[in-house]
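Enquirer: Pasting in a structure now, in structure tokens, and then I'll have a few things to ask.
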Amino acid sequence: MRMTLKMINFINRFIFFKLDNTIKYSHKICLFNHRKKQILTRFHDFCNIFFISLNLYIVKKYILSKNIRISYLEDRGDAYLQKKYRTDTKFLRTESGILYKDLLDGEGDPIEEGDTVYIHYQGKTTNDFRIIQSTFKSIIPPKIKAGIYDKKHIKAIYEIVIGMKKHTRRQCIVPPHLAYPNHFPNQPLIYEIDIVKVIKKGEENDTFLERIKRNANYLKTAITSFF
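Numbers 6 to 232, taken from the numbering used here, label the letters of the sequence shown in order.
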């Protein structure tokens, strides 16, 4: 009987010992998993903060470099304009605000309002001197009516050709409202305009043979200007 009780007590102790160890082990596993989760969470937070800070640093450096580049171009543009486009270097000003200067003198009668004019021109920005428009590679130059705006070109061109002559080259600084007010609202543009051919208002009613001769001369002039 005593042996039986001892065996029962031993078995009970063994079972309780195992159960207690199992509970302690489970508790340790739970605690380990909890700490592991905390460590992983903190590590993820650190990685997020690190990469966010790194991205902000890169973006900041990029923006600063762009601002420096823009400031450099603006200063360079201002210096260029002060050097080459000052009003005291014989530039004239129209009533609408266009500054202009003839680089090449032409020949013949001055252009008047209503005359048909064949031109070549090139436009540049004033901050980085980027070419935004050019017709010099075209074999046939554009045709306009002097002083009559038809929305095919900027307004300044129709105005500034008045007074020019055939083969005149004129350099202009065009204010925004006479160029592209929507695309370049705060930036004047630099234009160079060449007069290829002028047809006076009365010459448009020539005879058929005279028109053929005039067109032949025009084609010859166009080919010569292209090459």
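For every residue, glycine included, the Cβ atom is placed at its ideal position computed from N, Cα and C.
1. Just tell me which of 129, 109 and 163 has its CA closest to the CA of residue 101.
2. Given a cut-off of 8 Å, decide if residue 183 and residue 160 are closer than it, judged by their beta-carbon atoms.
3. In its own chain, which residues sit with a C-beta less than 6 Å from the C-beta of residue 128, not counting the 5 before and 5 after it?
4. To which residues does DSSP link residue 106 through a beta bridge?
5. Kindly provide the ranges of any beta strand (DSSP E) runs that are 3 or more residues long and lie completely inside the region 118-180, ordered along the chain.
6. Can you grab the Cα-Cα spacing for the pair residue 175 / residue 110, in whole Å?
7. Evaluate residue 217 with the Cβ neighbour count: other Cβ atoms within 10 Å of its Cβ, from every protein chain shown; 16 or more gives buried, anything less gives exposed.
8. Near residue 199, what residues of its chain come up, given a Cβ to Cβ distance below 6 Å and the 5 sequence neighbours on each side ignored?
9. When you compare only the Cα positions, how much space is there between residue 202 and residue 98?
10. Would you decide whether residue 120 is buried or exposed? Buried here means 16 or more other CB atoms lie within 10 Å of its CB.
11. What did DSSP end up calling residue 217 once you bin it into helix, strand or coil?
12. Where does residue 78 fall in DSSP's three states?
13. Can you name, in chain order, every residue of its own chain whose Cβ lies under 6 Å from the Cβ of residue 190, other than the five neighbours on each side?
14. Is it buried or exposed, residue 132, if we count other Cβ atoms within 10 angstroms and call 16 or more buried?
15. Would you report the Cα separation of residue 153 and residue 142, rounded to the nearest angstrom?
16. Put residue 100 into one of helix, strand or coil per three-state DSSP.
17. Buried or exposed, going by whether 16 or more other CB atoms sit within 10 Å of the CB of residue 146?
18. Assign residue 149 to one of two classes, buried (16 or more other C-beta atoms within 10 Å of its C-beta) or exposed (fewer than that).
19. So the candidates are 220, 221, 166 and 187; which of them puts its Cα closest to the Cα of residue 105?
20. So what's residue 206 in DSSP terms, helix, strand or just coil?
21. Where DSSP assigns a beta bridge to residue 200, which residues make up the other side?
22. Under 6 Å Cβ to Cβ from residue 205, same chain only, skipping five residues before and after it: list those, please.
23. Given this structure, state the Cα-to-Cα distance separating residue 118 from residue 135, to the nearest angstrom.
24. Output yes or no for whether 8 Å exceeds the beta carbon distance between residue 112 and residue 171.
Expert: Judging by the given coordinates:
1. 163
2. yes
3. 137, 138, 194 and 196
4. 176
5. 121-130, 136-139, 148-150 and 174-179
6. 9 Å
7. exposed
8. 125 and 174
9. 24 Å
10. buried
11. helix
12. Note that residue 78 has pLDDT 48, beneath the 50 cutoff, so the model's placement of it is unreliable and the number below is only indicative. In the structure shown, residue 78 sits in a helix (DSSP, three-state: H, G or I).
13. 181
14. buried
15. 25 Å
16. coil
17. buried
18. buried
19. 166
20. helix
21. 124
22. 120
23. 31 Å
24. yes
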